[in-house]
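Visitor: Those letters in the sequence shown? Residues 0 to 368, per numbering that gives the first Met the number 0, in order.
One structure coming up, written as structure tokens, with questions to follow.
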Amino acid sequence: MPPLTVMIKPVSSLCNMRCAYCFYADVSRNRRISNIGTMSDQTLEKVVRKAFVYADGCVSFVFQGGEPTLAGLDFYRLLVRLQKQYNTRRLLVTNSLQTNGYALDDAFAAFFAEHRFLVGISLDGTREIHDAQRKDTLGKGTYDQVLNGITCLKRHGADYNILCVVNTFAAHSARQVFENLRTHTFLQFIPCLDSLDKQSQIDSLSPEDYGNFLIETFDLYARAFGGARPVSVRDFDVYVGMLRGHPPESCAQAGACAAYALVESDGGVYPCDFYALDEYLLGNIHDMSFSRLFHTSKMRMFLESSRSVPPECEACDYYSLCRGGCRRYREPFVAGAPSLNRFCSGYKRFFAHAGPALRAMALARNRMG
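Quick look at the structure:
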């Protein structure tokens, strides 16, 4: 069996913030039951035990929400105990958690540091952009609370990175966003998704704006590259790695969906958190093994449908790096096959601009060994 990645939604779509563009809130609104509640200890035990039965080499547990810290620290203490109990073959285990940072405190930070969780924190660049989009349940901005959470992680030496959603507002302030985040060193920029019903949103991101953001951000990244204080931007790092012969790190960068399991709080398993919808439900971890879940007809069709490559992509000078992108950005499907990435024109402009510098960076890294 291969390595296994399990993404777990321990509190389903429950959250202590009300972000304007939250994709999982949108997903949950399109299900028969929007919030499935908090994962029980019994369900967590099933997930962990069956993960170690299935996997070889490595098991990666990824926790997202909603807001996964709302499961409480005892949930994660139990997780670690179960991992020790069932990892009888001594597989490599990694744990990561994506949080809005609102409820992070010293107790969480100390636990994450002790057990080597990688913590991803959502922080949208500047105070103005963040507070306009990422509000608490009372409609107040959350920038200061998130910075307090980051301070706790730093105080205890926990590993963390920053995830910044790029909407129209962030795209128009690329330099300010980058400069305000660069002190955190490890950054990931994620283009904002429109809602599933395709209705226009005030923060909807155009291909032109996203292309401009990528170009301006890359130039700042390139200036820091090889310097005393380099900044890691995940996508740019991956492109450099791909030019050195390394594989892409995610299914979006590979251009085709990979077989991982999204486990909702009741044990329901889906092929992807973008598609945790009733029609994509594969089964339940209480009743099925990961092997059976990955071999269902729904999973097979889901994976196969993402592998279709439009002729325009095949003929594109940048396809070897772009790979067409995430399936979710390639909707709507036409005749059963995904369309061009909605940001295609922006990516073309970016690769035309950044290509020579990316190749130079790859050569420099090769010389460094």
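Ideal placement from N, C-alpha and C gives every residue a C-beta, glycine not left out.
Bear in mind the structure is a predicted one, so any value in this text is a computation, not a measurement.
Could you give the DSSP three-state label for Asn-283: helix, strand or coil?
Guide: Position 284 of the sequence shown, counted from the start, is the residue given in the question as residue 283. It is a strand residue.
Visitor: With 16 other CB atoms within 10 Å as the buried threshold, where does Ser-199 fall?
Guide: Looking up residue 199 in the sequence shown gives position 200. Residue placement at Ser-199 is flagged as unreliable, the pLDDT there being 49, under the threshold of 50; a coordinate-derived value is accordingly withheld.
Visitor: Excluding the five sequence neighbours on either side, which residues of its own chain have a C-beta within less than 8 Å of the C-beta of Asn-365, listed in chain order?
Guide: If you number the sequence shown from 1, residue 365 lands on position 366. Arg-243, listed in sequence order.
Visitor: State the Cα-Cα distance for the pair Val-176 and Cys-18, rounded to the nearest angstrom.
Guide: In the sequence shown, counting from the first residue as 1, residue 176 sits at position 177. In the sequence shown, counting from the first residue as 1, residue 18 sits at position 19. Using only the alpha carbons, I get a separation of about 18 Å.
Visitor: Can you give me the start and stop residues for the alpha helix (DSSP H) that Asp-40 sits inside?
Guide: Along the sequence shown, one-based indexing puts residue 40 at 41. Per DSSP, Asp-40 belongs to the alpha helix (DSSP H) from 40-53.
Visitor: Could you round the C-beta distance between Tyr-305 and Arg-326 to whole angstroms and report it? I think they count as a contact, below 8 Å.
Guide: Translated into the one-based positions of the sequence shown, residue 305 becomes position 306. Translated into the one-based positions of the sequence shown, residue 326 becomes position 327. Residue identity differs from the one stated: residue 305 is Ser in this sequence, not Tyr. That pair is a contact at about 4 Å.
Visitor: Since Cys-151 is in the alpha helix (DSSP H), which residue starts that stretch and which ends it?
Guide: Stepping through the sequence shown from its first residue, residue 151 is reached at position 152. Element bounds for Cys-151: 142-155.
Visitor: What is the DSSP secondary structure of Asp-104, reduced to helix, strand or coil?
Guide: Taking the sequence shown and counting its residues from 1, the one referred to as residue 104 is at position 105. Three-state DSSP puts Asp-104 in coil, outside helix and strand.
Visitor: Going by other Cβ atoms of all chains shown within 10 Å of its Cβ, with 16 needed for buried, is Ser-264 buried or exposed?
Guide: As a working mapping, residue 264 is identified with position 265 in the sequence shown. By the 10 Å Cβ count, Ser-264 comes out buried.
Visitor: If you check the beta carbons only, do Ala-221 and Pro-229 fall under 7 Å apart?
Guide: Within the sequence shown, the letter at position 222 stands for residue 221. Within the sequence shown, the letter at position 230 stands for residue 229. It is not a contact, given that the beta carbons lie outside the stated cut-off.
Visitor: In whole angstroms, what separates the C-alpha of Arg-30 from that of Thr-216?
Guide: Position 31 of the sequence shown, counted from the first residue, corresponds to residue 30. Position 217 of the sequence shown, counted from the first residue, corresponds to residue 216. When rounded, the distance between both Cα atoms is 37 Å.
Visitor: Can you pull the DSSP bridge partners for Ser-12?
Guide: Here residue 12 refers to the residue found at position 13 when the sequence shown is read from its first residue. According to DSSP, which records beta bridges pairwise, Ser-12 is partnered with nothing at all.
Visitor: Touching or not, the segment 164-171 and the segment 129-139, by the rule of three or more beta carbon pairs under 8 Å?
Guide: These segments touch.
Visitor: Roughly how many angstroms lie between the CA atoms of Leu-43 and Tyr-75, to the nearest whole one?
Guide: Translated into the one-based positions of the sequence shown, residue 43 becomes position 44. Translated into the one-based positions of the sequence shown, residue 75 becomes position 76. Using only the alpha carbons, I get a separation of about 10 Å.
Visitor: Give the range of the alpha helix (DSSP H) segment to which Pro-247 is assigned.
Guide: As a first step, residue 247 must be located in the sequence shown, where it is residue number 248. First-last for Pro-247: undefined, no H or E at that position.
Visitor: Starting from Tyr-269, follow its DSSP beta bridges and name the residues at the other end.
Guide: Translated into the one-based positions of the sequence shown, residue 269 becomes position 270. Note: Tyr-269 sits in a beta bridge opposite Leu-261.
Visitor: Please check the pair Gly-372 and Ser-121, which I expect to be a contact at CB under 8 Å, by giving their CB distance rounded to whole angstroms.
Guide: The chain is shown only over 0 to 368; residue 372 falls outside these bounds and no answer can be derived.
Visitor: Which residues in the same chain have their Cβ closer than 6 Å to the Cβ of Asp-25, if we skip the five residues on either side of it in sequence?
Guide: One-based indexing of the sequence shown puts residue 25 at position 26. Taken in chain order, the residues that qualify are Ser-194 and Leu-195.
Visitor: Out of Ser-12, Thr-37 and Ala-251, state which residue places its alpha-carbon closest to the alpha-carbon of Tyr-318.
Guide: The residue given as residue 318 occupies position 319 in the sequence shown. With distances taken between Cα atoms, Tyr-318 lies closest to Ala-251.
Visitor: Who are the Cβ neighbours of Arg-358 in its own chain at under 7 Å, not counting the five residues just before and after it?
Guide: Counting from 1 along the sequence shown, the entry for residue 358 is found at position 359. Closer than 7 Å at Cβ, skipping near neighbours: Leu-242.
Visitor: Looking at the secondary structure, which residues open and close the beta strand (DSSP E) in which Pro-355 lies?
Guide: Your numbering for residue 355 matches position 356 in the sequence shown. No beta strand (DSSP E) holds Pro-355; the alpha helix (DSSP H) holding it covers 343-367.
Visitor: Let's test the definition: count the other Cβ atoms within 10 Å of the Cβ of Ser-27 and tell me whether it reaches 16, buried, or not, exposed.
Guide: In the sequence shown, counting from the first residue as 1, residue 27 sits at position 28. Result: buried.
Visitor: Have a look at Val-46, Leu-69 and Phe-110 and flag the residue whose alpha-carbon is nearest the alpha-carbon of Gln-84.
Guide: The count along the sequence shown starts at 1 and reaches residue 84 at position 85. When only C-alpha atoms are compared, the closest one is Val-46.
Visitor: On a Cα-Cα basis, can you pick out the residue from Gly-138, Ile-214, Ser-12 and Ile-7 that is closest to Phe-383?
Guide: Examination of residue 383 is not possible in this model, given that the chain is present from 0 through 368 alone.
Visitor: If we count the other Cβ atoms within 10 Å of its Cβ and call it buried at 16 or more, is Glu-313 buried or exposed?
Guide: Here residue 313 is taken as the residue at index 314 of the sequence shown, counted from 1. Glu-313 comes out exposed.
Visitor: Cβ of Phe-384 within 7 Å of Cβ of Leu-192?
Guide: Residue 384 cannot be examined here, being either before or after the span of the chain that is shown, 0 to 368.
Visitor: Ser-370 lies in the beta strand (DSSP E); which residues open and close that run?
Guide: Any property of residue 370 remains undetermined from this structure, which presents the chain solely from 0 to 368.
Visitor: Going by DSSP, which residues form a beta bridge with Asp-158?
Guide: Walking along the sequence shown from the start, residue 158 turns up at place 159. For Asp-158, which the question treats as bridged, DSSP gives the partners Leu-117.
Visitor: Count the other CB atoms within 10 Å of the CB of Gly-36; is the residue buried (16 or more) or exposed (fewer)?
Guide: What you label residue 36 is simply residue 37 of the sequence shown in a count that begins at 1. Answer is exposed; the Cβ neighbour count stays below 16.
Visitor: What's the gap between the Cα of Asn-179 and the Cα of Gly-124?
Guide: Translated into positions along the sequence shown, residue 179 becomes position 180. Translated into positions along the sequence shown, residue 124 becomes position 125. Their backbone Cα atoms lie some 6 Å apart in a straight line.
Visitor: How long is the line joining the alpha carbons of Arg-34 and Met-360, rounded to whole angstroms?
Guide: Position 35 of the sequence shown holds residue 34. Position 361 of the sequence shown holds residue 360. For clarity, residue 34 is Asn in the given sequence; the question names Arg instead. Looking at the two C-alpha atoms, the distance is approximately 45 Å.
Visitor: Can you give me the start and stop residues for the beta strand (DSSP E) that Leu-276 sits inside?
Guide: Along the sequence shown, one-based indexing puts residue 276 at 277. Element bounds for Leu-276: n/a, residue is neither H nor E.
Visitor: Does Arg-326 come out as helix, strand or coil in the three-state DSSP assignment?
Guide: Residue 326 sits at position 327 when you count from the first residue of the sequence shown. Three-state DSSP puts Arg-326 in a helix.
Visitor: When burial is assigned at 16 or more other CB atoms within 10 Å of the CB, is Phe-116 buried or exposed?
Guide: As a working note, residue 116 is residue 117 in the sequence shown. Classification for Phe-116: buried.
Visitor: Tell me the DSSP secondary structure of Gln-187 in three-state form.
Guide: For the purposes of this step, residue 187 is identified with residue 188 of the sequence shown, where counting begins at 1. Residue state, collapsed to three classes: strand.
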